[in-house]
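There are 4 protein chains.
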Amino acid sequence: MRLEALSREVKINKKNKNDKYHLILEAAVKVFARQGFYQSTVAQIAREAGVADGTIYLYFKNKDDILVHFFQYKTKQVFERFRAEVNHAENSLDKLRNLIKRHLAEFQRDRDMAILYQVGTHQIDRLAEDQIREMSKMYQDLISEIVEAGQQEGSIRKDLYVGLVKRFILGGVDEVINTWLHSEREYDLVSMADPLVELFVRGIGTLGITNDE
Amino acid sequence: MRLEALSREVKINKKNKNDKYHLILEAAVKVFARQGFYQSTVAQIAREAGVADGTIYLYFKNKDDILVHFFQYKTKQVFERFRAEVNHAENSLDKLRNLIKRHLAEFQRDRDMAILYQVGTHQIDRLAEDQIREMSKMYQDLISEIVEAGQQEGSIRKDLYVGLVKRFILGGVDEVINTWLHSEREYDLVSMADPLVELFVRGIGTLGITNDE
Amino acid sequence: MRLEALSREVKINKKNKNDKYHLILEAAVKVFARQGFYQSTVAQIAREAGVADGTIYLYFKNKDDILVHFFQYKTKQVFERFRAEVNHAENSLDKLRNLIKRHLAEFQRDRDMAILYQVGTHQIDRLAEDQIREMSKMYQDLISEIVEAGQQEGSIRKDLYVGLVKRFILGGVDEVINTWLHSEREYDLVSMADPLVELFVRGIGTLGITNDE
Amino acid sequence: MRLEALSREVKINKKNKNDKYHLILEAAVKVFARQGFYQSTVAQIAREAGVADGTIYLYFKNKDDILVHFFQYKTKQVFERFRAEVNHAENSLDKLRNLIKRHLAEFQRDRDMAILYQVGTHQIDRLAEDQIREMSKMYQDLISEIVEAGQQEGSIRKDLYVGLVKRFILGGVDEVINTWLHSEREYDLVSMADPLVELFVRGIGTLGITNDE
DNA sequence: CATGAATGAGCTTTCATTCAT
DNA sequence: AATGAATGAAAGCTCATTCAT
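Following this line, the structure appears as structure tokens:
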């Protein structure tokens, strides 16, 4: 019992120490989101985190490194949730709907992260290129999976260039997030999922319907 | 006749002088596209333009001002071409197709501009905010116009939230450009227009077709 | 007759051209007085004078040179008036009174010059050192003359260290001008002459009077 | 006992750190006195102080701020000595004599400060305006006090415009300092106090004496 | 003579990073 | 581990001066 208690305490200590790592990370994200990466100073991050400037260099190689770590950390975390959501659904269209709902929900919940992903994606390219690319790739792979499964199910057209479909979907979702980020009024982002999926699935044309009649 | 010749010469001289304005602008765009706005130095721009550092300040108030001027200048220019393309087509779906083709064509032709628009849109927000926003708004207005006309024509579904359709389309196009910008091999961007429009119009679902059968 | 007319015209032209010299000089003084020498730019002077930047270098070796020329020009001009005023008076105390009156009058009339003399005297030292020193010396020589004559006349004490008297008087006058320059309300500077001279002559003490009684 | 020793050590350390503030201040004064404010560069001050350029900005907001702090610091310090000297003397004329002696002594002792006060008073006006004005006002208030007391004592004439007397005296002292600053040979400045006061009190005229006869 | 566009040396200031404590 | 004072390279920007027109 004692050993267990001790071990738990050690864990807590470790976690507390690790906490400084996360403390800085969270602070950095806040500052980056507020001012942009290049406009933010290490001193500001330190102040926001409540640590000394020098302390940051005990946990991160340099300023760029903070960003890289952020994307590594967040990407894994968020992506796991995406994956879970997809696995959870029965059919392809539900998978897509769930994925997008989760995507919007996560970004709505953590606006700072959203800003960094949307804004930063391009801004920093070379710094966090690998991480962002990995994230983007994982996302697109998810969509590929869904599309291919849907094609087998029969719910998704077979005459599609899947590479393009991925961009088509990611682009739509991104832009919806973007608009939300820049909007004054904070409407519910997740509620955009259903109409958006409906657009992805049915398109804007009347052709299919027309043919019916 | 002589006076006319003279006046033309004067114009040319004037244009040559004005050319220094554009010389710097073009140089700046090249440098910004290569290194990002904040990573670029005024000295680099000057060197790229083949002028002295100080010369830049004869034509621009400061570094930010260069970017603002670029967007002012480009936005107007590009948008007029978009507008012309839309006016040119007969029906709504052709209008949409033409708009997107032109969009892709312009960005393919001027890769530096493309980078600045995609990268910069977010990065610099506060500097060129007005210009970029105006551009974005004009673009979305064009789409609104097309969609509404299409709805009257009967080629576009009436049960659409137009505000969402605009993001849906702009997002898709943007993402296609983005992917192209990041790709190694330089494939023909314009050739993505037709399949992309097809996606916008018909969606990825089989529902319409299914109903047929 | 014709030749005379021509020659006059030439003179006028010359004078007009020379006028550009004075034009720049006057403009410079205005700008220097307003902003201080180091805060003023050559471009500002050019603009104030209504000439091109480069033109200034046709008349002056460099920015410093403008100041040197100003002091050369003004010093001679003002000093001649001082000298005339002194020569004009009958007795020493009147000479002193006249000198100070003229001094205050000239500086009241040309506030910009006043500022340059008071402010600039020290500020620029090394630039216009010689001119200012010469002016100062001429002034002090005038006072020396007056004092010595007054001593012979019997109106001025013989037991004085003349070198100190000169500073005593110049300092008092300077400070009165200074205060006037910094004051909000523009009172009549010349009216300070009589009470000031009275102070110089009688001092603030009651000793002489006391002895009387 | 140990704690006290420790606390003293801490104080010394603190003082050493504060010393960098004064170190820079002293260096700046030296450089300003040598070259004038606008001719001095921050790099020169840093070199003179033996610190890095950036260090200066840890202690001062900018270059101007150094000057402002100098005047704040010196003015208070010097003025307290003036005040003490005045309070110390019995009668008004001794107060005046003591004040002027101290004034000359302080400026003789710290030639750099003297230069900054004489030169800078006008040069920088807008930067250190408040400080210098305050100093000047305090000085003139001291004189006012002395004069009024002297008038009650009977040692100073009652028919005086005190506002003018203040300028009369400050001007004389200033000019004596000025001359000393510009002189090659470094004579004893303080020794000018007695003859100067004598001039202030008795004036240069023979009227009082004349009346005697 | 006059112009004013162009130059580039030189300045102030910022800030990522280090290191003695 | 943590600190934060110190560093100094590097950047944006100004402006006296030149020179082709």
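Chains as they are written, first to last, in the working numbering: chain Y, 26 to 238; chain D, 26 to 238; chain C, 26 to 238; chain F, 26 to 238. Beta carbons: idealized from backbone N, C-alpha and C, even for Gly. Given the structure is predicted, the values throughout are model-derived calculations rather than measurements.
If you check the beta carbons only, do residue i and residue j fall under 9 Å apart?
i, j, result
"leucine 189 (chain C)", "proline 220 (chain F)", "yes"
"isoleucine 125 (chain D)", "alanine 218 (chain D)", "yes"
"leucine 214 (chain Y)", "alanine 114 (chain Y)", "no"
"arginine 59 (chain Y)", "serine 65 (chain Y)", "yes"
"serine 89 (chain Y)", "glutamine 143 (chain Y)", "Sequence inspection shows aspartate at residue 89 (chain Y); the serine mentioned does not correspond to that position. Against a cut-off of 9 Å, the Cβ pair of glutamine 143 (chain Y) and aspartate 89 (chain Y) comes out as no contact."
"glutamine 97 (chain F)", "glutamine 165 (chain F)", "no"
"valine 187 (chain D)", "glycine 196 (chain Y)", "no"
"glycine 75 (chain C)", "leucine 92 (chain C)", "no"
"leucine 185 (chain F)", "arginine 108 (chain F)", "no"
If contacts are defined as beta-carbon pairs under 8 Å, then residue i and residue j qualify, I think. What distance do you get, rounded to the angstrom?
i, j, result
"arginine 192 (chain Y)", "threonine 204 (chain D)", "5 Å"
"arginine 2 (chain F)", "isoleucine 194 (chain C)", "Lying before the first or after the last residue shown, residue 2 (chain F) is absent from chain F, which here runs from 26 to 238."
"lysine 45 (chain C)", "tyrosine 84 (chain C)", "7 Å"
"phenylalanine 104 (chain Y)", "methionine 160 (chain Y)", "7 Å"
"valine 222 (chain Y)", "isoleucine 171 (chain Y)", "Going by Cβ atoms, the distance from valine 222 (chain Y) to isoleucine 171 (chain Y) rounds to 11 Å, so no, they are not a contact pair."
"phenylalanine 95 (chain F)", "alanine 52 (chain F)", "Not confirmed; about 11 Å, so no contact."
"tyrosine 63 (chain D)", "tyrosine 63 (chain Y)", "4 Å"
"asparagine 116 (chain F)", "glutamate 178 (chain F)", "6 Å"
Would you say residue i reaches chain F, if we count a Cβ-Cβ gap shorter than 9 Å as a contact?
i, result
"glutamine 64 (chain C)", "yes"
"glycine 79 (chain C)", "no"
"phenylalanine 193 (chain C)", "yes"
"asparagine 116 (chain C)", "no"
"aspartate 90 (chain C)", "no"
"arginine 227 (chain C)", "yes"
"aspartate 119 (chain C)", "no"
"valine 172 (chain C)", "yes"
Who pairs with residue i in a beta bridge, going by DSSP?
i, result
"glycine 196 (chain Y)", "Its beta-bridge partners do not exist; DSSP assigns none."
"glycine 75 (chain Y)", "Glycine 75 (chain Y) pairs with nothing; no bridge assigned."
"isoleucine 181 (chain D)", "Y:Gly230"
For residue i, collect the residues of the same chain with a Cβ closer than 7 Å to its Cβ; drop the 5 residues on either side in sequence, then sort them by chain order.
i, result
"lysine 99 (chain C)", "Met138"
"arginine 106 (chain Y)", "Arg127 and Glu131"
"threonine 231 (chain C)", "none"
"serine 169 (chain Y)", "Val187 and Lys191"
"methionine 163 (chain D)", "Phe104"
How about residue i: is its C-beta nearer than 9 Å to some C-beta of chain Y?
i, result
"phenylalanine 107 (chain D)", "no"
"phenylalanine 132 (chain D)", "no"
"valine 180 (chain D)", "Sequence inspection shows serine at residue 180 (chain D); the valine mentioned does not correspond to that position. Cβ-Cβ to chain Y under 9 Å: yes for serine 180 (chain D)."
"leucine 224 (chain D)", "yes"
"tyrosine 164 (chain D)", "no"
"leucine 221 (chain D)", "yes"
"threonine 204 (chain D)", "yes"
Who are the near neighbours of residue i in its chain, counting only those whose CB is closer than 8 Å to its CB and skipping five residues on each side?
i, result
"aspartate 78 (chain F)", "Val67, Ala68 and Ala71"
"leucine 206 (chain F)", "Arg136, Ala139, Ile140 and Gln143"
"glutamate 173 (chain C)", "Val187"
"leucine 50 (chain C)", "Ile91, His94, Phe95 and Tyr98"
Grab me the residues of residue i's own chain with a C-beta within less than 6 Å of its C-beta, minus the 5 sequence neighbours each way, in chain order.
i, result
"leucine 118 (chain Y)", "Ser180"
"glutamine 176 (chain C)", "Lys183"
"serine 216 (chain Y)", "none"
9 Å is my cut-off, CB to CB: does residue i come that close to chain D?
i, result
"isoleucine 49 (chain Y)", "no"
"methionine 138 (chain Y)", "no"
"glycine 75 (chain Y)", "no"
"glutamate 200 (chain Y)", "yes"
With a cut-off of 9 Å, does the C-beta of residue i fall near any C-beta of chain C?
i, result
"glycine 230 (chain F)", "yes"
"leucine 185 (chain F)", "yes"
"methionine 160 (chain F)", "no"
"leucine 189 (chain F)", "yes"
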